[in-house]
Amino acid sequence: MIDKQTRIKIAIQKSGRLTEHSLDLLERCGLKYTRGRDQLIGYGENMPIDLLFVRDDDIPGLVRDDVCDLGIAGLNIIEEKRLEYGCDGIMAPYTEVCRLDYGHCRLAFGYPETGARQAITELDGATIATSYPFTVRDYLKRNDISADVVEFSGAVEIAPSLGRADVICDLVSTGTTMIANKIREGETILESQCMLIRTPVAIPEEKTAWVNRLLQRIEGVMQVRESKYIMMHAPKSALAEIRALLPGAESPTVLPLEGVDGRVAIHVVCRENVFWETLEALKDVGASSILVVPVEKMLA
Ligand code: ATP
Ligand code: ZN
1 MIDKQTRIKI AIQKSGRLTE HSLDLLERCG LKYTRGRDQL IGYGENMPID LLFVRDDDIP
61 GLVRDDVCDL GIAGLNIIEE KRLEYGCDGI MAPYTEVCRL DYGHCRLAFG YPETGARQAI
121 TELDGATIAT SYPFTVRDYL KRNDISADVV EFSGAVEIAP SLGRADVICD LVSTGTTMIA
181 NKIREGETIL ESQCMLIRTP VAIPEEKTAW VNRLLQRIEG VMQVRESKYI MMHAPKSALA
241 EIRALLPGAE SPTVLPLEGV DGRVAIHVVC RENVFWETLE ALKDVGASSI LVVPVEKMLA
């Protein structure tokens, strides 16, 4: 039995595209856990946090019902469930805390290459197959389109060849599934990525310090994934040019070089990835001995 008053419960996908990334994120935040025999719960060993492993479709509901304090799921499923649950006008069913840096995909229309309908302007009277009926109906309503929506829980892309739909609306990341099924990707109706959501109910005081600490660590983990620590020697006069070349750089540390006039050592943290082109441009303005080092942890 998990102590609801003091232990934070987080719902994550049991097995699927988001599982590895979500576990990696929490592990990078310092969480160590052991998985129960039924594999359904991960018990945090070094933090008062327990993980509930469930289907992604169940995550918004578990958070809405305050069974879990936090949940990690795709915006696609969060939005679909939000529309399904409806909103009582006072409180959203759950609160979106932050966007995470994985699970990127889009919910887009797909038109069979040989079909008569090839754009949203031709959707009136069409049958659309999707796993996201609430999101699609909401989109159609907002765009004043009258079409039938049929729900498929999976393998939406085969609906047209089965004669069940004229058009599909499905998740796409690379687009290869649609291409393999001779379907042309059309308009995007939702850009999605993984999100952290929290219960609409106030989190007990005993847990808030750890929730806040976890959120701060998540923020830190996402920042360091892209961040680099850069060191170089350069003419002091080139400082302004160097700063302009470095994306998302903070104020650099500038140190004198023993026995060298006019040249300094520059150390700087860059919040974005640094590409070869940037290093070449730095060299062009006089930098040398340029080192780019990954950042392991960061606390803003
Ligand atoms: P579950 O058994 O948990 O219900 P599922 O089959 O619904 O699993 P997955 O295919 O593992 O779910 O996808 C989980 C989430 O990954 C999606 O809801 C979406 O947010 C994200 N995702 C990213 N790229 C894609 C993609 N190309 N196709 C489907 N989902 C994607
Ligand atoms: Zn699912």
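Note that this note's numbering has the sequence shown beginning at 1, numbered continuously upward.
Every residue, glycine too, gets a C-beta built ideally from N, C-alpha and C.
All values reported here derive from a predicted model rather than from experimental measurement.
- Sequence-distant Cβ neighbours of residue 289 in its own chain, meaning closer than 7 Å and more than five residues away, are 232 and 233.
- When rounded, the separation of the alpha-carbon atoms in residue 195 and residue 217 is 15 Å.
- In this structure, residue 29 sits near residue 214, with a CB-CB distance shorter than 8 Å.
- When DSSP states are grouped into helix, strand and coil, residue 196 belongs to the strand group.
- Following the DSSP letters along the chain, one finds residue 221 inside the alpha helix (DSSP H) bounded by residues 205 to 226.
- Following the DSSP letters along the chain, one finds residue 267 inside the beta strand (DSSP E) bounded by residues 263 to 270.
- Contact between the region 109 to 127 and the region 141 to 153 is present: three or more C-beta pairs spanning the two stretches fall below 8 Å.
- Annotation for residue 81 indicates a beta carbon at 7 Å or more from all heavy atoms of the ligand ATP.
- When only Cα atoms are considered, residue 199 and residue 257 end up about 54 Å apart.
- When rounded, the separation of the alpha-carbon atoms in residue 187 and residue 243 is 39 Å.
- According to DSSP, residue 171 shares a beta bridge with 107.
- 255 is the residue among 255, 261 and 277 whose C-alpha sits nearest the C-alpha of residue 268.
- Comparing C-alpha distances from residue 22 to each of 5, 70 and 62 shows the shortest one belongs to 70.
- Scanning 169, 241, 249 and 266 for the CA closest to the CA of residue 190 turns up 169.
- DSSP places residue 191 in the strand class (E or B) of the three-state scheme.
- Shown here for residue 137: same chain residues with a beta carbon closer than 7 Å to its own, the five before and five after excluded, namely 149 in chain order.
- The alpha-carbon separation between residue 296 and residue 56 amounts to approximately 30 Å.
- For the pair of segments examined, the region 98 to 105 was found not to touch the region 116 to 123: the number of CB pairs separated by less than 8 Å stays below three.
- By DSSP's assignment, residue 129 forms a beta bridge with 150 and 168.
- Segment contact: the region 62 to 76 against the region 153 to 163, fewer than three CB-CB distances shorter than 8 Å; contact not assigned.
- Per DSSP, the beta bridge partners of residue 33 are 44.
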